[in-house]
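Peer 1: Here's a structure for you.
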Amino acid sequence: MANRTSSTAQSVHGTDPQLLIETTFRQRIYDSVYWKDQCFGLTITGVMEKSTSISSVGGCFGASRKPTDFLCLLLKLLQLQPTLPMLHELINQKDFKYLRALAILYFRLTQASVDIYQTLEPLYEDFSKLRMRGDGGEFEI
Numbered sequence: 086m087a088n089r090t091s092s093t094a095q096s097v098h099g100t101d102p103q104l105l106i107e108t109t110f111r112q113r114i115y116d117s118v119y120w121k122d123q124c125f126g127l128t129i130t131g132v133m134e135k136s137t138s139i140s141s142v143g144g145c146f147g148a149s150r151k152p153t154d155f156l157c158l159l160l161k162l163l164q165l166q167p168t169l170p171m172l173h174e175l176i177n178q179k180d181f182k183y184l185r186a187l188a189i190l191y192f193r194l195t196q197a198s199v200d201i202y203q204t205l206e207p208l209y210e211d212f213s214k215l216r217m218r219g220d221g222g223e224f225e226i
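Quick note on the numbering used here: the sequence shown kicks off at 86 and runs consecutively.
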């Protein structure tokens, strides 16, 4: 199941959930060492464990446009498709801010606009500082 969506996953917005990430980014993720070493065979609980150890959010960085660990884990979540109650638990927990950010982004990509508004609007009051990895590989808050 390295690069395939789970057979039990439902379509999101009328398409395969993995297709929510652009093809070039998706291919870079599949080719990355982190994906091959750390994400192969992960379950949802494994993704949660891995996300507690990441230290920044971001897309692709550096001259070779290497994907961040955050982006790799997002694609893995799109493959596995966690349940809605599980997503709400991940969004409402406050101990691991990068796990929470990952769940929020997944929720934003996959849910209907009304649900997004109702669930994520209260999070405007959360002022957690997140490190973001820029295009050149530098970090900013």
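Quick reminder that beta carbons are idealized off the backbone N, C-alpha and C, glycines included.
(1) Give the DSSP-derived three-state secondary structure of PRO57 in the structure shown.
(2) Answer yes or no: do LEU160 and ILE189 have a C-beta to C-beta separation smaller than 8 Å?
(3) My guess is that PHE155 and SER141 are in contact by the Cβ rule of under 8 Å, so how many angstroms apart are they, rounded?
(4) Checking the sheet assignment: what are the DSSP bridge partners for GLY37?
(5) Under a Cβ-count criterion, where at least 16 other Cβ atoms within 10 Å of its own Cβ denotes burial, should ILE106 be classed as buried or exposed?
(6) How about PHE146 and ASP220: do their beta carbons lie closer than 8 Å?
(7) By a C-beta neighbour count over all protein chains shown, 10 Å radius and 16 as the cutoff for buried, is MET171 buried or exposed?
Peer 2: Walking through what the data contain:
(1) There is simply no residue 57 to check, as the chain begins at 86 and stops at 226 in what is shown.
(2) In the sequence shown, residue 160 corresponds to position 75, counting from 1. In the sequence shown, residue 189 corresponds to position 104, counting from 1. Taking 8 Å as the Cβ cut-off, LEU160 and ILE189 do not qualify as a contacting pair.
(3) As a first step, residue 155 is located in the sequence shown; it is residue number 70 there, counting from the start. As a first step, residue 141 is located in the sequence shown; it is residue number 56 there, counting from the start. Going by Cβ atoms, the distance from PHE155 to SER141 rounds to 7 Å, so yes, they are a contact pair.
(4) Any question about residue 37 goes unanswered here, given that the chain covers just 86 to 226.
(5) Translated into the one-based positions of the sequence shown, residue 106 becomes position 21. Buried is the call here.
(6) As a first step, residue 146 is located in the sequence shown; it is residue number 61 there, counting from the start. As a first step, residue 220 is located in the sequence shown; it is residue number 135 there, counting from the start. A contact, by the Cβ cut-off of 8 Å.
(7) By 1-based counting over the sequence shown, the position of residue 171 is 86. The residue is exposed, with fewer than 16 neighbouring Cβ atoms inside 10 Å.
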